[in-house]
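Encoded as structure tokens, the structure appears first; notes follow it.
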Amino acid sequence: MKFVISREALLRPLQLVAGVVEKRQTLPVLSNVLLEVQGQQLSLTGTDLEVELVGRVTLDEVGQEGEITVPAKKLMDICRSLPDGAQIEIEQDEQRVNVRSGRSRFTLSTLPATEFPNVDNIAGEKTFTLEQGSLRRVIDRTSFAMAQQDVRYYLNGMLFEVSATGLRTVSTDGHRLATCHVAMNGPDTAQQIILPRKGVLEMAKLLTDPESSVTLSLSTNHLRARTENFTFTSKLVDGKFPDYSRVIPKNGSNVMLADRTELRQVFNRTAILSNEKYRGVRLVLDTDLLKVFANNPEQEEAEESVAVEYKGDALEMGFNVSYLQDVMSVLDTQQVKMTLSDANSSALLEEPEGGDAMYVVMPMRL
Amino acid sequence: MSYSVQSSQASAVSAEVPAVAEAESAAVTQRKVIHIDCDCFFAAVEMRENPALRELPIAIGGESDRRGVIATCNYPARAFGVRSAMATAQAKKLCPQLLLLPGRMALYRDVSKQLMVILQEYALQLEQVSVDEAYLEIASHLNATEVAREIRERVRNELGITVSAGIAPNKFLAKIASDWNKPDGQWAVKPHQVDEFVAALPVGKIPGIGPAMEKKLALYKLQTCADIRRWELTELVRTFGRMGAVLYERSRGIDHRLLNLERPRKSVSVECTFATDLAGEEHCLAQLPQLLERWHERVERAGWPAAALAPFVKVKFADFTQTTLADSHEQASEQGFARLLKLALQRENKAVRLLGIGGRTPEIDRNQLTLF
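In order, the protein sequence lines correspond to chains U and A. Once you know that position 250 of the first sequence is 250 in this note's numbering, the rest is easy, because the numbers rise by one and skip nothing. Once you know that position 60 of the second sequence is 1060 in this note's numbering, the rest is easy, because the numbers rise by one and skip nothing.
As structure tokens, then:
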């Protein structure tokens, strides 16, 4: 195997592929990236056995065909530290790979490509295509609410619900829930899958070209996303995701409208003096006025008043301020709508006209 | 019931913070805390079951040829210098006629449950610390000394074992006091005696101060609580970190900790000491399946989904040094434990005496309401 490539052409796919590779591996070949040359095409593959990413680059000239694996991080570090515009020649020399550029020369250890694990073939798949920008949007608007290392392992990921009319994403950590929907021509039969957290975050990184399309394939065990330059495959979480439609409040009668930026700043400031661990703030709502209070174990206090549109009952409730801040940051309309019923029931946050996303936040006991 | 737990937890948070001012206001509503500690519990239960053992030196623990350690021993054994946590081999050297019993956990647990039922009758609040130890907070109008005496008498009559009791205005002093007149005794530190009692206390008596910290304190000529009191709070914190603040309070007899009523279990683990040291990664990994099987049983009993816990491993080497390794990104699966174990073993090139595996749950806030 032998090929020549510019630093920039190699670096981007290499960085993305290396992102999938786990730092600590016991199976040595998993810390390697698989390089394959076929004609003018170079493919790079990284995997952690859960998530696999293949990046494809078209070479300027036909290379010498072959396949071999080399340490991912080392190759990336070398590539990154070479000067801009450098031409890199990569050549297999029996058990070694030589990397040459200008007056630099590196010899890397290898492992045979035959040792590199393949993700199982996807069987019985449903395939559909949408714009990268749309997929990116439904992920970005909900991924913050995914659980991290929750004992309910199925929450450490994102629900993708596809139907003939659209795609819905849902994530929740049990305290708050985020969901977003995009219309598209989906498969005839609806399906729900849970993509693990790492898969969600790595896939989002590939969706950098909003106008181009991405093709998603779903099987019972895998999700695959294909763009022009990448093929991403992730195992799915085998579990039952909670019924999100049940926890979205439908009968809240107390509706508050507020300027989003202003409210966000109010939360940001009060957060400073909330309990560092539990992050509780108190919201006191009365006609057209919202007050937000925070205090911490050091007995320091914050108090904010903000004018809002509100005609509902006088209400006092506690919230984890981080959950509210997250929603304020991910929305982009000028105003935000918050629908409440009482101090022990969830709050629904969304754009004033509803929009494509909904956020449900459970209160804290005061 | 859960509601009252939550409200007391919330007040525990605010009680941690303030320093001296609150100590004085707390003195107005004087707490009465009793620490109950069984006297050589396992051995006491065995002697109850077979009174012929009373005069013999007995111990509960693992056999020396399987490199066991002593869990508990009775007072005749202690006279020979046998102590709990001592290697059985050494205990037998000190006391060749030592009668070693394998231990019957199910029986001990039953007796422990009966003990807690008795304590519950007297307690406003009860914190069980372990199978043979508990704190009680009793109503302030009661005579704590009398309550302790009654508890001890009932335990002796109804359960056939003895306990020691410590009575004080807080947990820290109650714990020290229960050790003051052990076995089968009790000791009270009355509010007006606190100052004098604590002043003379060697620093090593403060719970949380181990031999290493004691040595460090000795470098600064801090041997008793009276010595510590001569230091400013800021000075203590600067020199000893977080422990400095604890030293400041304890040396003045202050302890704001409330009884911990519901201690959510944070981890489940199992471990195994091997009859002969294991050399090499392969032999260690070979032990994983049986550890995993035992661990799964425990996790199941705790009602947790094993795969979702953050795994950790513990390795004790032949020279008794030990290392633990946790990775919350790792799965608590056989592969996950194997990966952690390999990494832990790489830290030292030594034979292995003990292996343990476990899983942890992340912390949660009880005031946060949940969606489902």
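For every residue, glycine included, the Cβ atom is placed at its ideal position computed from N, Cα and C.
Whole-number beta carbon distance between residue j and residue i, since they are thought to touch under 8 Å
| i | j | result |
| --- | --- | --- |
| R1313 (chain A) | G1253 (chain A) | Just to set this straight, residue 1313 (chain A) is Val in the shown sequence, not Arg. 41 Å between Cβ atoms; not a contact. |
| H181 (chain U) | D332 (chain U) | The pair is not a contact, with the Cβ atoms about 16 Å apart (cut-off 8 Å). |
| S274 (chain U) | V281 (chain U) | 5 Å |
| V1189 (chain A) | A1177 (chain A) | 5 Å |
| L366 (chain U) | G318 (chain U) | 4 Å |
| L1098 (chain A) | A1059 (chain A) | 6 Å |
| V57 (chain U) | I5 (chain U) | 7 Å |
| M358 (chain U) | T189 (chain U) | Between T189 (chain U) and M358 (chain U) the Cβ distance is about 25 Å, and since that is not below 8 Å, they are no contact. |
| M146 (chain U) | G66 (chain U) | Contact doesn't hold; Cβ gap of about 40 Å is too wide. |
| I68 (chain U) | L35 (chain U) | 6 Å |
Short CB-CB distance (under 8 Å) between residue i and chain U
| i | result |
| --- | --- |
| N1367 (chain A) | yes |
| A1023 (chain A) | Note that A1023 (chain A) scores a pLDDT of 40, beneath 50, so its modelled location is shaky; the value from the coordinates is reported in the next line. Closer than 8 Å: no. |
| A1310 (chain A) | yes |
| A1027 (chain A) | For A1027 (chain A), the predicted structure reports a pLDDT of 42, less than 50, and the residue's modelled location is therefore unreliable. The matter cannot be settled from this model. |
| F1197 (chain A) | no |
| T1370 (chain A) | yes |
Minimum C-alpha distance to residue i - residue among the options
| i | options | result |
| --- | --- | --- |
| N1260 (chain A) | A:I1228, A:M1086, A:L1341, A:V1129 | A:V1129 |
| L177 (chain U) | U:A183, U:L59, U:F144 | U:F144 |
| W1304 (chain A) | A:T1276, A:A1318, A:S1269, A:Q1125 | A:S1269 |
| G1280 (chain A) | A:S1333, A:V1352, A:L1222 | A:V1352 |
| R105 (chain U) | U:A86, U:P117, U:L340 | U:A86 |
| G1204 (chain A) | A:S1164, A:L1247, A:H1192 | A:L1247 |
| Q192 (chain U) | U:D173, U:I248, U:M158 | U:M158 |
| V1171 (chain A) | A:R1257, A:L1309, A:A1306 | Looking at the sequence provided, one finds Lys at residue 1171 (chain A) rather than Val. Out of A:R1257, A:L1309, A:A1306, A:R1257 has the C-alpha closest to the C-alpha of K1171 (chain A). |
| Y278 (chain U) | A:Q1287, A:L1369, A:L1222 | A:L1369 |
| L206 (chain U) | U:N221, U:I194, U:R136, U:A294 | U:R136 |
| P3 (chain U) | U:N98, U:V292, U:G46, U:E353 | The amino acid occupying residue 3 (chain U) in the given sequence is Phe; Pro does not appear at that position. The shortest Cα separation from F3 (chain U) among U:N98, U:V292, U:G46, U:E353 belongs to U:N98. |
| I248 (chain U) | U:V361, U:T270, U:S43 | U:V361 |
| L1343 (chain A) | A:E1232, A:Q1331, A:G1358, A:A1326 | A:A1326 |
| A1052 (chain A) | A:D1179, A:S1064, A:P1076 | A:P1076 |
| L42 (chain U) | U:A9, U:Q132, U:A72 | U:A9 |
| A1043 (chain A) | A:I1036, A:Q1290, A:L1056, A:H1141 | A:L1056 |
| R1083 (chain A) | A:W1295, A:P1289, A:C1040, A:E1235 | A:C1040 |
| P363 (chain U) | U:E350, U:G354, U:S346 | U:S346 |
Residue i at chain A interface by Cβ criterion, 8 Å
| i | result |
| --- | --- |
| T172 (chain U) | yes |
| Q325 (chain U) | no |
| V33 (chain U) | no |
| A18 (chain U) | no |
| P210 (chain U) | no |
| Q149 (chain U) | yes |
| R365 (chain U) | yes |
| M362 (chain U) | yes |
| H175 (chain U) | yes |
| V247 (chain U) | yes |
| G199 (chain U) | no |
| N367 (chain U) | Lying before the first or after the last residue shown, residue 367 (chain U) is absent from chain U, which here runs from 1 to 366. |
| S341 (chain U) | no |
| S346 (chain U) | yes |
| G66 (chain U) | no |
| Y310 (chain U) | no |
| Y359 (chain U) | no |
| G102 (chain U) | no |
| P242 (chain U) | yes |
| G252 (chain U) | no |
Any non-hydrogen atom of the ligand HEM within 7 Å of residue i CB
| i | result |
| --- | --- |
| A1043 (chain A) | Among the ligands in the structure shown, none appear at all, so the ligand HEM cannot be discussed. |
Decide if the segment 182-202 of chain U is in contact with the segment 100-113 of chain U; the criterion is three or more beta carbon pairs, one per stretch, under 8 Å apart. Too few Cβ pairs lie closer than 8 Å, so no.
Specify whether the segment 232-241 of chain U and the segment 154-172 of chain U touch according to this definition: at least 3 beta carbon pairs, one from each stretch, less than 8 Å apart. These segments touch.
Within the segment 1310-1334 of chain A, ranges of the beta strand (DSSP E) (whole runs, at least 3 residues): Complete beta strand (DSSP E) runs here, min 3: 1310-1317, 1322-1326.
Inside the segment 196-240 of chain U only - alpha helix (DSSP H) runs reaching at least 4 residues: Fully enclosed alpha helix (DSSP H) runs of 4 or longer: 197-206.
Below 8 Å, how does it come out for the segment 204-218 of chain U and the segment 58-76 of chain U: are there three or more Cβ pairs, yes or no? Touching, no, given that fewer than three Cβ pairs across the two stretches are closer than 8 Å.
contact_flag[the segment 226-237 of chain U, the segment 252-271 of chain U] where n(CB pairs < 8 Å) is 3 or more: In short, these stretches do not touch, since the Cβ pair count stays below three.
Hey, which unbroken runs of the alpha helix (DSSP H) at 4 residues or more fall wholly within the segment 1071-1148 of chain A? If we require 4 residues or more, the alpha helix (DSSP H) runs fully inside the segment 1071-1148 of chain A come out as 1075-1078, 1088-1094, 1105-1122.
Do three or more CB pairs link the segment 1106-1123 of chain A to the segment 1136-1146 of chain A at distances below 8 Å? The answer is yes - the segment 1136-1146 of chain A touches the segment 1106-1123 of chain A, with three or more Cβ pairs under 8 Å.
Is there contact between the segment 248-257 of chain U and the segment 308-322 of chain U, where contact requires at least three CB pairs shorter than 8 Å? Contact holds: three or more Cβ-Cβ distances are below 8 Å.
Can you find at least 3 beta carbon pairs, one from the segment 1210-1228 of chain A and one from the segment 1064-1074 of chain A, that sit closer than 8 Å? No, they do not touch.
Three or more beta-carbon pairs under 8 Å between the segment 1086-1099 of chain A and the segment 1060-1070 of chain A, yes or no? With the cut-off at 8 Å, the segment 1086-1099 of chain A and the segment 1060-1070 of chain A touch.
Complete alpha helix (DSSP H) runs within the segment 1234-1286 of chain A (minimum length 4 residues, chain order): Segments of the alpha helix (DSSP H) lying fully in the segment 1234-1286 of chain A: 1242-1250, 1281-1286.
Curious, which full-length beta strand (DSSP E) runs of at least 3 residues does the segment 10-52 of chain U contain? Within the segment 10-52 of chain U, the complete beta strand (DSSP E) runs of at least 3 residues are 32-38, 41-47.
Which whole runs of the beta strand (DSSP E) in the segment 336-363 of chain U are 3 residues long or more, in chain order? You should have 347-351, 354-361.
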